[in-house]
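Visitor: If you scroll down you'll find the structure; I have some questions about it.
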Amino acid sequence: MRTKTVPDPTTIFEKSSPGRIGCNLPVADTPPVDWDTALGKTRNEVKWPEIAELDLIRHFTNLSHINYGIDTGFYPLGSCTMKYNPKVNERTAGMTGFVRLHPLQPVSSAQGAFEVIATVQDILKEVTGFEEMTMQPVAGAHGELTCLMLIKAYHESRGEGAQRRIVLVPDSAHGTNPASAARCGFEVAHVATDADGNTDLADLERQAKDNVAAFMVTNPSTLGLFEPNIRRICEIVHACGGQVFCDGANMNAMVGTTRPGDHGFDCMHLNLHKTFSTPHGGGGPGCGAIGLKKHLEPFMPGPVIKKVGSQYELDQSRPLSIGRVSGFYGQFLMAVRALTFLLAHGREGLPEISRCSVLNANYVKARLKDHLPAAYDRPCMHECVLTATPYKANGVRALDISKRLIDYGFHPPTNYFPLIVPEALMIEPTETECKETLDAFCDALIAICEEAKSDPDKLHDAPSTQIVGRLDEAAAVKNLDVTWKPPTPEPAGAA
Ligand SMILES: Cc1ncc(COP(=O)(O)O)c(C=O)c1O
């Protein structure tokens, strides 16, 4: 079994020893700071750890190793596309000319930066089949929200703003879809998924009325399946006057192969921190670029970059624009990283990404089919959604299997999502993993499935090789307490 060395779990305060210091600086010739006033408490009350320099370095270096990330191991989190972020992206994003730019410097002196953004936008237009693109939104959910704001402005411009208050969302959708719709002031109605895992067309037809503002479709869906009726879906929604939004978080399955703009969508968002290999930012800074068709262009968030002669300018005079959706022009260094990735792969290389991501997911699905059946028995796209229901009779659930994977040295896949799949395990290997890694992961899952039958408690107690064992996750969320407290001294005379 693959296990990791258990890292040193002590905090820096437990390592503290009175009188130890790193180094002594010479006496400063600047005015002394009154600590008590600056901190609002006396220096003694703050209780700084006292520690030698070497121990301090070891402490923080070891802490940095505790973190699990794509650079340390396989990260099969479905729907999140945790693929390798090439280090060359960081080299270009760290170039002095880019990092020293100031957002307030004159546009004329930042022409190179605008050329980077405009070039990425142009490539993304070609990749997605949309006529317009903006990189202002700073996350996938922010891109969704921005698209819905555009759709709202579009309906308002046609005098239908008050009437079109419903946004349709598939029952398999990512939670950000209904959240974005609600945040934009719409009412959310769910469209059912049929027995094959596709949009239930009869249900969509029943709900497609003149009160519908939009249908938010994820393609490939969160079930990891390509929606084969996408043209028909667009026809139905357009016939009732609604707009069709594509949640493009799963673009890794299609990049370079097929274009949502050609399928009939009116707008879409992309997660540059997924398909285009910029880092996931834990809520930001990211980039949820959006693509749109011409009829939505007047409402685009401003300012819009445009080229006049040989110069880039910011077009501020946009009377119908929904306004800015982020400071300045979004997360500029994400554009630099994405451009590096796009140019490194080129037109010929991009289809290879989607083909390999689809191949890897189908390989995992095929290797696990006798142990963890697929929720829908058909070829998948970039991720496969499996179910752990066969082990329920042994008292084993998807969560137990996931936690046991940690003991085998792997990050768990996404659990219990999409909500319509019982005991869901959603695995997205991405194209950046090799066959050996996929085999090691599948071997671990197969071994765990055997344990689920022969020794279920091993799974219930997992993880057992980590500093922290099985948490009460509901309590951890509801009563989060991550503040270290010194241990209470034993009462004098206690054994
Ligand atoms: C299908 C889908 N849509 C939307 C999002 C939201 O993207 P972000 O996390 O960047 O806000 C995600 C994120 O995982 C997703 O998987």
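Position in the sequence shown (first residue = 1) + 491 = my numbering.
Just so you know, even glycine gets a beta-carbon here, dropped at the ideal spot from N, CA and C.
Values in this document were obtained by computation on a predicted structure and should not be read as measured data.
On the criterion of 16 or more Cβ atoms from any shown chain inside 10 Å, does L971 qualify as buried, or is it exposed?
Guide: Along the sequence shown, read from residue 1 onward, the residue named residue 971 stands at position 480. Exposed: under 16 other Cβ atoms inside 10 Å.
Visitor: Classify Q802 as helix, strand or coil using the three-state DSSP reduction.
Guide: For the purposes of this step, residue 802 is identified with residue 311 of the sequence shown, where counting begins at 1. Three-state DSSP puts Q802 in a strand.
Visitor: Identify which residue in L833, S817 and R809 has its Cα closest to the Cα of V579.
Guide: Residue mapping note: residue 579 aligns to position 88 of the sequence shown, counting from 1. With distances taken between Cα atoms, V579 lies closest to L833.
Visitor: Which of the three DSSP states is assigned to P661 in this structure?
Guide: For the purposes of this step, residue 661 is taken as the residue at position 170 of the sequence shown. Reduced to three states, the DSSP call for P661 is strand.
Visitor: If you measure from the CB of H951, is any heavy atom of ligand 1 nearer than 8 Å?
Guide: Along the sequence shown, one-based indexing puts residue 951 at 460. No, since every heavy atom of ligand 1 falls outside the 8 Å radius drawn around the Cβ of H951.
Visitor: Alpha carbon to alpha carbon, what distance is there between G513 and R750?
Guide: Taking the first residue of the sequence shown as 1, we reach residue 750 at position 259. Taking the first residue of the sequence shown as 1, we reach residue 513 at position 22. So the alpha carbons of these two residues sit roughly 58 Å apart.
Visitor: CB of T709 to nearest heavy atom of ligand 1: below 8 Å?
Guide: Within the sequence shown, the letter at position 218 stands for residue 709. Yes; taking the cut-off as 8 Å, the Cβ of T709 has a heavy atom of ligand 1 nearer than that.
Visitor: Is D738 near ligand 1, judged by its Cβ being under 8 Å from some heavy atom?
Guide: Residue 738 sits at position 247 when you count from the first residue of the sequence shown. For ligand 1, at least one heavy atom lies less than 8 Å from the Cβ of D738.
Visitor: Which of the three DSSP states is assigned to E541 in this structure?
Guide: Taking the sequence shown and counting its residues from 1, one reaches residue 541 at position 50. Coil at E541, not helix or strand.
Visitor: From I813 to I918, what does the alpha carbon distance come to, in whole angstroms?
Guide: Counting from 1 along the sequence shown, the entry for residue 813 is found at position 322. Counting from 1 along the sequence shown, the entry for residue 918 is found at position 427. Each residue's Cα considered, the two are about 37 Å apart.
Visitor: Leaving out the 5 sequence neighbours to the left and right, which residues in its chain are closer than 8 Å to D806 when beta-carbon positions are compared?
Guide: For the purposes of this step, residue 806 is taken as the residue at position 315 of the sequence shown. Once the five neighbours on either side are set aside, the close Cβ partners of D806 are G793, P794, V795, I796 and K797.
Visitor: My parser needs the alpha helix (DSSP H) runs of 4 or more residues fully inside the segment 628-662; what are they?
Guide: DSSP runs (the alpha helix (DSSP H)) wholly in the segment 628-662: 631-648.
Visitor: Comparing the CB of N906 with every heavy atom of ligand 1, is any distance shorter than 8 Å?
Guide: Counting from one through the sequence shown, the residue named residue 906 turns up at place 415. Outside the cutoff, so no.
Visitor: Helix, strand or coil for M791 per DSSP?
Guide: Here residue 791 refers to the residue found at position 300 when the sequence shown is read from its first residue. It is coil, neither helix nor strand.
Visitor: If I follow the unbroken beta strand (DSSP E) through L783, where does it start and stop?
Guide: Position 292 of the sequence shown, counting from 1, holds the residue named residue 783. I781 to L783 is the extent of the beta strand (DSSP E) around L783.
Visitor: Rounding to the nearest angstrom, what Cα-Cα distance links K894 and I561 in this structure?
Guide: The residue given as residue 894 occupies position 403 in the sequence shown. The residue given as residue 561 occupies position 70 in the sequence shown. C-alpha separation (whole angstroms): 18 Å.
Visitor: Below 8 Å, is the gap between the Cβ of A931 and the nearest heavy atom of ligand 1?
Guide: Translated into the one-based positions of the sequence shown, residue 931 becomes position 440. Not under cutoff, so the answer is no.
Visitor: Tell me the DSSP secondary structure of F756 in three-state form.
Guide: Your numbering for residue 756 matches position 265 in the sequence shown. Of the three classes helix, strand and coil, the one that applies to F756 here is coil, per DSSP.
Visitor: If you check the beta carbons only, do A740 and K765 fall under 9 Å apart?
Guide: Within the sequence shown, residue 740 is the residue found at index 249, counting from 1. Within the sequence shown, residue 765 is the residue found at index 274, counting from 1. Against a cut-off of 9 Å, the Cβ pair of K765 and A740 comes out as a contact.
Visitor: Would the C-beta of A630 count as close to ligand 1, meaning under 8 Å from any of its heavy atoms?
Guide: Locating residue 630 in the sequence shown gives position 139, counting from the first residue. The answer is yes for A630.
Visitor: From the DSSP output, which residues share a beta bridge with K976?
Guide: Translated into the one-based positions of the sequence shown, residue 976 becomes position 485. Per DSSP, none; premise fails for K976.
Visitor: I need the straight-line Cα distance from N906 to L890, nearest angstrom please.
Guide: The sequence position of residue 906 within the sequence shown is 415, counting from 1. The sequence position of residue 890 within the sequence shown is 399, counting from 1. When rounded, the distance between both Cα atoms is 7 Å.
Visitor: Quick check on F901: buried or exposed, where buried means 16 or more other Cβ atoms within 10 Å of its Cβ?
Guide: Your numbering for residue 901 matches position 410 in the sequence shown. Label assigned to F901: buried.
Visitor: Quick one: complete beta strand (DSSP E) runs, 3+ long, within the segment 560-642?
Guide: The qualifying runs are 623-625.
Visitor: Threshold first: 4 residues or longer. Then list the alpha helix (DSSP H) segments lying entirely within the segment 670-739, N to C.
Guide: The qualifying runs are 692-698 and 721-730.
Visitor: Rounding to the nearest angstrom, what Cα-Cα distance links N558 and A965 in this structure?
Guide: Position 67 of the sequence shown, counted from the start, is the residue given in the question as residue 558. Position 474 of the sequence shown, counted from the start, is the residue given in the question as residue 965. Looking at the two C-alpha atoms, the distance is approximately 22 Å.
Visitor: Judging by CA-CA distance, which residue of R815, Q627, P913 and V682 is the nearest neighbour of V658?
Guide: As a first step, residue 658 must be located in the sequence shown, where it is residue number 167. Checked all of R815, Q627, P913 and V682; the closest Cα to V658 is V682.
Visitor: Compute the minimum distance between the beta carbon of C571 and the heavy atoms of ligand 1, and state whether it is under 8 Å.
Guide: The residue labelled residue 571 in the question sits at position 80 within the sequence shown. Yes, the Cβ of C571 comes within 8 Å of a heavy atom of ligand 1.
Visitor: What does a CB cutoff of less than 7 Å around V679 pick up in its chain, not counting 5 residues either side in sequence?
Guide: Within the sequence shown, numbered from 1, the residue matching residue 679 stands at position 188. Closer than 7 Å at Cβ, skipping near neighbours: V658, V660, P669, A672 and A673.
Visitor: Measuring alpha carbon to alpha carbon, tell me which of P909, E924 and L950 ends up nearest P567.
Guide: Position 76 of the sequence shown holds residue 567. Of the candidates P909, E924 and L950, the one whose C-alpha sits nearest the C-alpha of P567 is E924.
Visitor: Are the CB atoms of M624 and F790 within a distance shorter than 9 Å?
Guide: Within the sequence shown, residue 790 is the residue found at index 299, counting from 1. Within the sequence shown, residue 624 is the residue found at index 133, counting from 1. No. Outside cutoff.
Visitor: Hey, L615 and L761 are a contact pair by Cβ (cut 8 Å); roughly how many whole angstroms apart?
Guide: For this step, residue 615 is matched to residue 124 along the sequence shown. For this step, residue 761 is matched to residue 270 along the sequence shown. L615 to L761, Cβ: 7 Å. Contact.
Visitor: So the candidates are T587, D520 and K538; which of them puts its Cα closest to the Cα of P443?
Guide: For residue 443 there is no data in the structure shown, the boundaries of the chain being 492 and 986.
Visitor: Straight-line CA distance for A519 to V799?
Guide: For the purposes of this step, residue 519 is taken as residue 28 along the sequence shown, with counting starting at 1. For the purposes of this step, residue 799 is taken as residue 308 along the sequence shown, with counting starting at 1. Each residue's Cα considered, the two are about 54 Å apart.
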